[in-house]
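Engineer: First, the structure itself, so that you have it in front of you.
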Amino acid sequence: MAKMLPTVVLLALAVSAVARENTTCDGPCGLRFRQFQGGMRVVGGQEAKHGAWPWMVSLQVFTHKRRKYHACGGSLLNSRWVLTAAHCFDKRKNPYDWRLVFGAKDIAYGSDKPVQEPLQERFIEKIVIHDQYNPLTDENDIALLKVTPPVPCGPFIGPCCLPHFKEGPPKRPLNCWVAGWGYTTENATRPSPTLQEANVNIINLDLCNSTQWYNGHIHSTNVCAGYPQGMIDTCQGDSGGPLMCRENEESAYVVVGVTSWGAGCARARHPGIYTATWPYLKWIASNIGSNALQMLQPATPSPPTSQPARPPPVPARPLSGRPSWYFQHPPPPPASQNPSPPQHSPLPFPYSHITFPQDLPFVELLQQIIEILKWEAYSESKSNYNMETTELPELTPSS
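Using mature numbering (1 follows the signal peptide of the UniProt record, and there is no 0), the letters of the sequence shown correspond one by one to residues -19 to -1, 1 to 380.
Structure below.
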């Protein structure tokens, strides 16, 4: 009877959820559900309004003690895929070590509680790292996550936009923003509990690669964004999140970069470095499908403007004596004073927070329920996976 309980719960949830609003992710991309004037302040940012960036995703490390720790950001592409940074998985490549939280403004670091609606929590079914990702030079620092079961879009969850093919780097001044739950100061001890946002400028890549700046460490597939004087920047814990730009108030926001790395946080002449999205559109399409990619590209591409040809970027040189780049690894959860061996208790699943589209055919509904049950069986068989040598602490969840 105990084994039947999850199935009964899921069926009851599915039946009740079918009566809810249409929650597919096939609508327009890059639209903010809450139009508020932003200000300054990730480092130097300000709190974002709930729904301001509906494609924001919190990637959270999931421990055997059923606690979740925010580590990286991501951008929702559709109900099945999230775009993020490859380096977030340098140390944790097992999909079951992670949970995805959608539709959040506030997150609780170290929480063992399920999320509450309108938030949604999901598994990672598959981690797709770019096959030419180089963790030593941060080249091709981009990854895709397959979400299971599919996440519904709604009042606080929606897809981002991606650039058009051959669009290349921005050719005119744009209104660009970054957002994330990362550190709000370089010396912070844990991520921000509230989503932060900040207005940034795209900085010329040659200037960013010059001797007094990053001195040749930047690649042609990077975007440099921030301010020459520093003060406003992404920081540790913002990795994988979006650099998003639009031309005017009527246009959609387009994710032109994925937060990758930088030296320190908000330092002068060391702005944030992002993996550009336009060089990877074919790679993205090869994983999520060409039709799915087209859904993420604004209907009318921006007309090119005549600009003098930019000289080729300074070749990136191998890094030696490299400083501690703040995006090289996601922020580690604090180590426990008394490590204990892994438990063998089954891992939880957020049953009560799964919703399904209203018009989902009954056969597809049953298929999604079966997919959930299969994943639960997998979680039970993998609940004794090896943890790292340090154990995560029993924290009181932050509010």
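The beta-carbon is built from N, C-alpha and C at its ideal position, and this holds for glycine as well.
1. Does the stretch 125 to 135 come into contact with the stretch 239 to 258, if we say contact requires no fewer than three beta-carbon pairs (one atom in each stretch) closer than 8 Å?
2. For Ile269, which residues of its own chain have a beta-carbon under 8 Å away from its beta-carbon, when the five flanking residues on both sides are left out?
3. Using 8 Å as the cut-off, can you tell me whether the stretch 151 to 170 makes contact with the stretch 132 to 140, which would need three or more C-beta pairs spanning the two stretches below that distance?
4. Using the rule of at least 16 other Cβ atoms within 10 Å of the residue's Cβ for burial, across every protein chain shown, is Arg13 buried or exposed?
5. By how many angstroms is the C-alpha of Tyr50 removed from the C-alpha of Pro285?
6. Just verifying my parser: in three-state terms, what is the DSSP assignment at Asp214?
7. Measure the alpha-carbon distance for Gln101 versus Leu117 and round it to whole angstroms.
8. Pick out whichever of Asp7, Gly84, His198 and Glu167 has its Cα sitting closest to the Cα of Leu40.
9. If I follow the unbroken beta strand (DSSP E) through residue 386, where does it start and stop?
10. So which of Val181, Leu277 and Ser267 has the shortest CA-CA distance to His111?
11. DSSP three-state label for Tyr255, please.
12. Cβ atoms of Ala67 and Asn121: under 9 Å apart, would you say?
13. Three-state secondary structure (DSSP) at Asn319?
14. Closest to Gly211 by C-alpha separation, out of Leu186, His145 and Asn182, would be which residue?
15. Which whole-angstrom value is the C-beta distance of Thr175 and Asp93, which I expect to be below 8 Å?
16. Going by the DSSP bridge assignment, what does Val159 pair with across the sheet?
17. For the stretch 177 to 197 against the stretch 270 to 280, do three or more pairs of beta-carbon atoms, one drawn from each stretch, fall closer than 8 Å, so that the two count as touching?
18. Is it right to say Ala29 is buried, meaning 16 or more other beta carbons lie within 10 angstroms of its own, or is it exposed?
19. Going by other Cβ atoms of all chains shown within 10 Å of its Cβ, with 16 needed for buried, is Asp7 buried or exposed?
20. In whole angstroms, what separates the C-alpha of Pro133 from that of Asp71?
21. Does DSSP put Asn272 in a helix, a strand or coil?
22. If you count every other CB in all the chains shown that lies within 10 Å of the CB of Leu347, and 16 or more means buried, which is it?
23. Where Thr166 and His251 are concerned, what is the direct C-alpha to C-alpha distance, given to the nearest angstrom?
24. Let me confirm a value: Pro154 is counted as buried when at least 16 other C-beta atoms fall within 10 Å, else exposed. Which label applies?
25. In its own chain, which residues sit with a C-beta less than 6 Å from the C-beta of Pro131, not counting the 5 before and 5 after it?
26. Just to confirm my understanding: we take Tyr261, look at its own chain, exclude 5 residues before and 5 after, and list those with CB closer than 6 Å. What are they?
27. Please go through the same chain and pick out, in chain order, the residues whose beta-carbon is closer than 8 Å to the beta-carbon of Pro99, but skip the five residues on each side of it.
28. Relative to the alpha-carbon of Pro223, which residue among Tyr234, His200, Tyr77 and Thr202 has its alpha-carbon at the smallest distance?
29. Helix, strand or coil: which one does DSSP assign to Trp264?
30. Considering just the uninterrupted stretch of the beta strand (DSSP E) at Arg238, what are its terminal residues?
31. Between which two residues does the beta strand (DSSP E) carrying Ser56 extend?
32. Looking only at C-alpha atoms, which of Tyr208, Pro95 and Ala280 sits nearest to Glu231?
33. If you measure from the CB of Pro136, is any heavy atom of the ligand ZN nearer than 8 Å?
34. Do you know how far the Cα of Lys46 is from the Cα of Pro95?
Structural biologist: Checking against the coordinates, here is how it stands:
1. no
2. For the purposes of this step, residue 269 is taken as residue 288 along the sequence shown, with counting starting at 1. Hits under 8 Å: Leu58, Asn59, Arg61, Trp62 and Leu125.
3. no
4. Numbered from 1 along the sequence shown, position 32 holds the residue referred to as residue 13. Arg13 is buried by the Cβ-count criterion.
5. Start at 1 with the first residue of the sequence shown, and residue 285 comes out as number 304. Start at 1 with the first residue of the sequence shown, and residue 50 comes out as number 69. Because the pLDDT of Pro285 is 47, which lies under 50, any placement of that residue in the model is unreliable, and the question is left without a value.
6. The count along the sequence shown starts at 1 and reaches residue 214 at position 233. In this structure, Asp214 counts as strand in the three-state DSSP scheme.
7. As a working mapping, residue 101 is identified with position 120 in the sequence shown. As a working mapping, residue 117 is identified with position 136 in the sequence shown. Roughly 34 Å separates the two Cα atoms.
8. On the sequence shown, position 59 is the one that residue 40 refers to. Ranking Asp7, Gly84, His198 and Glu167 by Cα distance to Leu40 puts Gly84 first.
9. Outside the displayed range of the chain (-19 to 380) lies residue 386, so it cannot be described from this structure.
10. In the sequence shown, counting from the first residue as 1, residue 111 sits at position 130. Taking only the C-alpha atoms, the option nearest His111 is Ser267.
11. If you number the sequence shown from 1, residue 255 lands on position 274. Of the three classes helix, strand and coil, the one that applies to Tyr255 here is strand, per DSSP.
12. For the purposes of this step, residue 121 is identified with residue 140 of the sequence shown, where counting begins at 1. For the purposes of this step, residue 67 is identified with residue 86 of the sequence shown, where counting begins at 1. In contact: Asn121 and Ala67 (Cβ atoms closer than 9 Å).
13. Here residue 319 refers to the residue found at position 338 when the sequence shown is read from its first residue. Confidence at Asn319 is low in this model, with a pLDDT of 39, below 50, so its placement is unreliable and the value that follows should be read with caution. Coil.
14. Start at 1 with the first residue of the sequence shown, and residue 211 comes out as number 230. Ranking the options by Cα distance to Gly211, first place goes to Asn182.
15. Counting from one through the sequence shown, the residue named residue 175 turns up at place 194. Counting from one through the sequence shown, the residue named residue 93 turns up at place 112. In fact, because the Cβ distance is near 20 Å, the residues do not count as touching under 8 Å.
16. What you label residue 159 is simply residue 178 of the sequence shown in a count that begins at 1. DSSP, once it has assigned bridges, lists Ala179 and Leu224 as partnering Val159.
17. no
18. For the purposes of this step, residue 29 is identified with residue 48 of the sequence shown, where counting begins at 1. Answer is buried; the Cβ neighbour count reaches 16.
19. Position 26 of the sequence shown holds residue 7. The residue in question, Asp7, is exposed, as its Cβ has fewer than 16 Cβ neighbours within 10 Å.
20. Numbered from 1 along the sequence shown, position 152 holds the residue referred to as residue 133. Numbered from 1 along the sequence shown, position 90 holds the residue referred to as residue 71. Cα-Cα distance, rounded: 29 Å.
21. One-based indexing of the sequence shown puts residue 272 at position 291. Looking at Asn272 - three-state DSSP - the assignment turns out to be helix.
22. Here residue 347 refers to the residue found at position 366 when the sequence shown is read from its first residue. Classification for Leu347: exposed.
23. Locating residue 166 in the sequence shown gives position 185, counting from the first residue. Locating residue 251 in the sequence shown gives position 270, counting from the first residue. Roughly 15 Å between the two C-alpha positions.
24. On the sequence shown, residue 154 is found 173 positions in, with the first residue counted as 1. Exposed: under 16 other Cβ atoms inside 10 Å.
25. Looking up residue 131 in the sequence shown gives position 150. Around Pro131: Ser60 and Arg61.
26. Mapped onto the sequence shown, residue 261 falls at position 280. Here the set comprises Ile123.
27. The count along the sequence shown starts at 1 and reaches residue 99 at position 118. So the qualifying residues of the chain are Gly84, Gly135, Pro136, Phe137 and Ile138.
28. Reading the sequence shown from its first residue, position 242 is the one you call residue 223. The candidate whose alpha carbon is nearest that of Pro223 is Tyr234.
29. The residue given as residue 264 occupies position 283 in the sequence shown. Looking at Trp264 - three-state DSSP - the assignment turns out to be helix.
30. The sequence position of residue 238 within the sequence shown is 257, counting from 1. Residue identity differs from the one stated: residue 238 is Gly in this sequence, not Arg. Val235 to Trp242 is the span of the beta strand (DSSP E), which, as asked, contains Gly238.
31. Your numbering for residue 56 matches position 75 in the sequence shown. Here the beta strand (DSSP E) through Ser56 covers Lys49 to Asn59.
32. Against the sequence shown, residue 231 aligns to sequence position 250. Ranking the options by Cα distance to Glu231, first place goes to Ala280.
33. With respect to small molecules bound, the structure shown includes none, and the ligand ZN cannot be examined in it.
34. The residue you call residue 95 lines up with position 114 of the sequence shown. The residue you call residue 46 lines up with position 65 of the sequence shown. Going from the Cα of Pro95 to the Cα of Lys46 covers about 13 Å.
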